[in-house]
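These notes are about the structure you will find just below.
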Amino acid sequence: MKEKELKFLISQGEGYNIEFKEKFSASIAKDICAFANSNGGRILLGVTDDGKIKGIKITNKLKSQICDLARNFDPKFEVFLEEAGNVLIVNVPEGQNKPYAFSGKFYMRNGPNSQQLSRKEIREFFISEGLVHFDEKPNYDFDLRKDFNKRAYRTFLQLAKISELIDKKDLFENLCLLKENKLKNAGVLLFCKKITKFFSHATITCITFQGKERMKILDRKEFDADLYSNFRGALGYLREKLNTEYIIRGAGPREEKLELPEEALREALLNAIGHRNYFMRTSVFVEIYSDRVEITNPGGLVKGLSREDLGKKSLPRNNLLFGLLQRMNLVEKAGTGIRRMQEAMRNYKLEPPEIKAGRDWFTIVFKRP
Numbered sequence: 001m002k003e004k005e006l007k008f009l010i011s012q013g014e015g016y017n018i019e020f021k022e023k024f025s026a027s028i029a030k031d032i033c034a035f036a037n038s039n040g041g042r043i044l045l046g047v048t049d050d051g052k053i054k055g056i057k058i059t060n061k062l063k064s065q066i067c068d069l070a071r072n073f074d075p076k077f078e079v080f081l082e083e084a085g086n087v088l089i090v091n092v093p094e095g096q097n098k099p100y101a102f103s104g105k106f107y108m109r110n111g112p113n114s115q116q117l118s119r120k121e122i123r124e125f126f127i128s129e130g131l132v133h134f135d136e137k138p139n140y141d142f143d144l145r146k147d148f149n150k151r152a153y154r155t156f157l158q159l160a161k162i163s164e165l166i167d168k169k170d171l172f173e174n175l176c177l178l179k180e181n182k183l184k185n186a187g188v189l190l191f192c193k194k195i196t197k198f199f200s201h202a203t204i205t206c207i208t209f210q211g212k213e214r215m216k217i218l219d220r221k222e223f224d225a226d227l228y229s230n231f232r233g234a235l236g237y238l239r240e241k242l243n244t245e246y247i248i249r250g251a252g253p254r255e256e257k258l259e260l261p262e263e264a265l266r267e268a269l270l271n272a273i274g275h276r277n278y279f280m281r282t283s284v285f286v287e288i289y290s291d292r293v294e295i296t297n298p299g300g301l302v303k304g305l306s307r308e309d310l311g312k313k314s315l316p317r318n319n320l321l322f323g324l325l326q327r328m329n330l331v332e333k334a335g336t337g338i339r340r341m342q343e344a345m346r347n348y349k350l351e352p353p354e355i356k357a358g359r360d361w362f363t364i365v366f367k368r369p
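Taking UniProt numbering, I'd label the letters of the sequence shown as residues 1 to 369.
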């Protein structure tokens with residue numbers, strides 16, 4: 001690195017991606033680990049906290065020590081070293097196999113500091129990296145004798161075109177729904193009698209507001225049965241609350257046309273229940289305003305998916321659950337739902353749905369005609 005580049009780097013000051021160290025110590029491993037678990041960064045050895053170059057003696061032994069620290073991470077990690085005069089720059093790329101641990105502890109960058117993660121933060125970090133999947137966890141509270149919803153099971157068989165003669169346990173094993181002889185969460189969502197008995201947040205909440213703002217509630221309903229029944233209930237709520245045009249052509253039966261295409265609403269609801277983050281303790285919300293309908297699910301875009309990817313590719317957050325919805329012929333190939341919503345709105349000669357996404361939420365907005 002050239003001296004001019006070094007001075008510019010130092011002028012930025014310490015922060016989320018830059019750390020100054022006046023001298024070397026083994027504690028640098030915490031900072032390397034934190035950068036690897038975050039977005040990467042640089043450690044400048046030989047620079048004081050206030051940005052003055054003191055310099056250090058750069059030797060092969062020192063370089064080996066630093067590289068060895070990273071190699072001792074779990075999993076192993078590699079850093080890249082640069083020299084700028086008597087300053088040693090440790091370049092730490094963002095890790096590709098997160099999370100990384102040093103001496104059995106996990107670290108992340110928090111502003112300009114490297115912070116050890118608490119047990120709760122470690123769990124959240126594993127979830128955010130897609131290393132823990134809610135739908136694949138066995139549910140030890142679900143009793144197949146007491147809690148099993150036979151009606152929901154029959155509906156699943158009918159939609160999936162599976163014979164009712166099949167042995168239930170054999171089917172669950174073939175669908176990878178059993179672990180340690182317990183039904184996984186994906187199965188509990190579909191085959192429970194009351195979803196809040198196991199997941200207080202897995203309901204669909206439908207609200208009708210007066211006007212364009214979230215001020216006065218005209219009507220509110222929460223759907224709290226099995227997942228498919230909740231989906232059907234929310235779709236029925238939209239049919240009931242939205243305007244319907246009755247079209248009569250000649251002597252034939254009258255035709256009913258909802259003000260928004262049912263196919264688009266259906267896809268948005270399935271997207272919400274299929275891709276939501278079930279670790280987050282909040283419902284899927286269906287909100288009806290005088291000028292729009294908003295369908296919001298907890299959980300932003302899945303790691304590895306950008307706004308530009310929407311409608312082109314998909315990375316399901318809940319692979320097991322999504323596969324079951326596919327078997328029920330409710331959803332098609334991942335990544336096609338957005339396109340079908342856009343096409344349905346276009347066929348109605350309405351504006352395409354607006355997509356909004358934050359770190360912890362995803363919303364599809366349909367403008368009413």
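Backbone N, C-alpha and C define an ideal beta-carbon position, used for all residues, glycine too.
Cutoff 6 Å; reference residue i; Cβ partners in own chain excluding five residues on either side
i, result
"Thr205", "Glu222, Ser283, Phe285"
"Gly15", "Pro112"
"Arg317", "His275, Val302"
"Pro51", "This sequence places Gly at residue 51; Pro is not what is there. Only Ile10 meet the Cβ criterion."
"Ala357", "Gly300, Leu301"
"Asp68", "none"
"Asp219", "Thr208"
"Glu129", "Lys98"
Closest Cα partner of residue i within the set the options
i, options, result
"Arg276", "Gly236, Tyr16, Ile127", "Ile127"
"Lys23", "Gly41, Leu9, Ser38, Leu45", "Leu45"
"Ile17", "Val132, Ser103, Val92, Gln65", "The identity of residue 17 in the sequence shown is Asn, whereas the question assumes Ile. The residue with the shortest Cα to Cα distance from Asn17 is Val92."
"Glu83", "Asp226, Glu213, Lys2", "Lys2"
"Ile364", "Leu301, Glu332, Glu294", "Glu294"
"Glu259", "Ile53, Lys52, Tyr246, Ala268", "Tyr246"
"Leu325", "Gly130, Gly41, Phe191, His201", "Phe191"
"Ser64", "Glu78, Arg239, Trp361", "Glu78"
"Thr48", "Glu19, Glu173, Leu62", "Glu19"
"Pro298", "Ile166, His201, Asn329, Leu69", "His201"
"Arg281", "Leu171, Phe8, Asp360, Met341", "Asp360"
"Lys270", "Val331, Ser290, Arg249, Leu238", "Residue identity differs from the one stated: residue 270 is Leu in this sequence, not Lys. When only C-alpha atoms are compared, the closest one is Val331."
"Tyr100", "Ala70, Ile89, Val90", "Ala70"
"Pro75", "Gln96, Asn60, Thr59, Val90", "Gln96"
"Arg214", "Glu129, Pro369, Glu287", "Glu287"
"Tyr278", "Gly236, Leu321, Arg307, Tyr237", "Leu321"
"Thr244", "Gly250, Arg368, Asn60, Thr155", "Arg368"
"Asn37", "Lys105, Glu351, Leu81, Leu238", "Lys105"
Simplified DSSP state of residue i, which is helix, strand or coil
i, result
"Cys206", "strand"
"Met215", "coil"
"Leu265", "helix"
"Tyr289", "coil"
"Val132", "coil"
"Ser229", "helix"
"Ile162", "coil"
"Val302", "coil"
"Met108", "strand"
"Asn319", "helix"
"Phe191", "helix"
"Lys137", "coil"
Proximal residues to residue i (C-beta, below 8 Å), its chain only, five neighbours per side dropped
i, result
"Asn110", "none"
"Gly55", "Gly46, Gly85, Asn86, Val87"
Sequence-distant residues of its chain with Cβ nearer than 7 Å to residue i (five each side left out)
i, result
"Ser114", "Lys30, Asp31, Ala34, Tyr107"
"Val124", "Looking at the sequence itself, residue 124 is Glu, so the reference to Val does not match. Correct list: empty, nothing qualifies."
"Asn139", "Lys182, Leu183, Lys184, Asn185, Val188, Phe198"
"Ala272", "Val284, Ile295, Asn297"
"Ala234", "Ile204, Cys206, Phe223, Leu269, Val286"
"Ile58", "Glu83, Asn86, Leu88"
Check whether residue i and residue j have beta carbons under 8 Å apart
i, j, result
"Val87", "Leu178", "no"
"Ala160", "Arg327", "yes"
"Ile43", "Ile28", "yes"
"Thr208", "Lys241", "yes"
"Asp147", "Lys193", "yes"
"Phe366", "Pro353", "yes"
"Glu94", "Asn39", "yes"
"Leu310", "Ile355", "yes"
"Thr347", "His133", "Per the sequence presented here, residue 347 reads as Asn, with Thr not at that position. Contact flag unset, no."
"Ile195", "Asn230", "yes"
"Asp170", "Thr203", "no"
"Phe73", "Phe102", "yes"
"Leu291", "Lys212", "Here the sequence assigns Asp to residue 291, which means Leu is not the residue at that position. In contact: Asp291 and Lys212 (Cβ atoms closer than 8 Å)."
"Ala344", "Tyr228", "no"
"Arg340", "Glu255", "no"
"Leu175", "Glu164", "no"
"Val90", "Ile53", "no"
Cβ-heavy atom distance, residue i to the ligand FAD, below 7 Å
i, result
"Glu3", "Summarising the ligand content, the structure contains no ligands, and the ligand FAD is consequently not present."
Per DSSP, the bridge partner or partners of residue i
i, result
"Phe80", "Asn91"
"Ile53", "Val47"
"Leu178", "Leu183"
"Gln96", "In DSSP, Gln96 forms no bridge with anything."
"Arg220", "Ile207"
"Ile66", "Answer is none; Ile66 lacks a bridge partner."
"Asn258", "Per the sequence presented here, residue 258 reads as Leu, with Asn not at that position. Paired residues: Thr244."
"Ser11", "Note: Ser11 sits in no beta bridge, so no partner."
CB contact check: residue i to chain D, cutoff 8 Å
i, result
"Ile127", "As a matter of chain content, chain D is missing from the structure shown, which is built from one protein chain."
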